[in-house]
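*Asks:*
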Amino acid sequence: MRRKLARQITNWTMRNSLLTKEGEADVVCYGIETILEFIEVVLICFLIGSLFGKGSETALALGGFCILRSQAGGVHCRERWQCRFCMGMIVTIAVFVPDILVLPLWVRSLLFVGMGMVLYQKAPANGEKAKIEDV
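Here you go:
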């Protein structure tokens, strides 16, 4: 379904002369498919969070995750479903764990600083992308 929609959008851009080279079509189609997949995952996460009355928390977790993910590079999964599952788990943990595990402010502050240090050292924006099997 997603691939078919991406192909239809790509064909529309070719018919309207927005793409001039045939080789561009495959790249544009892949990009559109990736964007559609991202939107799908975000909507599913937000829908689940909203069903549990955690819409604003889910939006905040998704926003933070997306900003960090776009800058960090990070670990990549071999299959797309694994990536979607990991994203869903990270957002779920960020949204629901504070209800289960209440930590003092100083502990949360230490965790925040520690995660920032790990992010700075292990996942620079222009760094080498690690496969999940290499970690």
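Under the UniProt record's numbering, the letters of the sequence shown match residues 1 to 135, in that order. In this text, a Cβ means the ideal position worked out from N, Cα and C, and glycines have one as well. Predicted model only: the values in this text are computed from it and were never measured.
Taking contact to mean 3 or more Cβ pairs, one atom from each stretch, closer than 8 Å, check whether the region 87-95 and the region 56-70 are in contact.
*Replies:* With the cut-off at 8 Å, the region 87-95 and the region 56-70 touch.
*Asks:* Would you grab the beta carbon distance between alanine 6 and methionine 14 for me? Rounded to a whole angstrom, and I think it's under 8 Å.
*Replies:* As a first step, residue 6 must be located in the sequence shown, where it is residue number 6. As a first step, residue 14 must be located in the sequence shown, where it is residue number 14. Incorrect: roughly 13 Å between the Cβ atoms, too far for contact.
*Asks:* Taking just the CA atoms, how far does methionine 87 sit from leucine 68?
*Replies:* For the purposes of this step, residue 68 is taken as the residue at position 68 of the sequence shown. For the purposes of this step, residue 87 is taken as the residue at position 87 of the sequence shown. Rounded to whole angstroms, leucine 68 to methionine 87 spans 12 Å at the Cα level.
*Asks:* Using a Cβ-Cβ cutoff of less than 8 Å, which residues in the same chain neighbour residue 147 once the five nearest sequence positions on both sides are dropped?
*Replies:* Only positions 1 to 135 of the chain appear in this structure, which leaves residue 147 out of reach.
*Asks:* For a test of the three-state rule: what should DSSP assign to serine 70, helix, strand or coil?
*Replies:* Here residue 70 corresponds to residue number 70 of the sequence shown, with the count starting at 1. It is helical.
*Asks:* When DSSP labels each residue in this structure, what does asparagine 16 get in the three-state scheme?
*Replies:* Here residue 16 refers to the residue found at position 16 when the sequence shown is read from its first residue. Reduced to three states, the DSSP call for asparagine 16 is coil.
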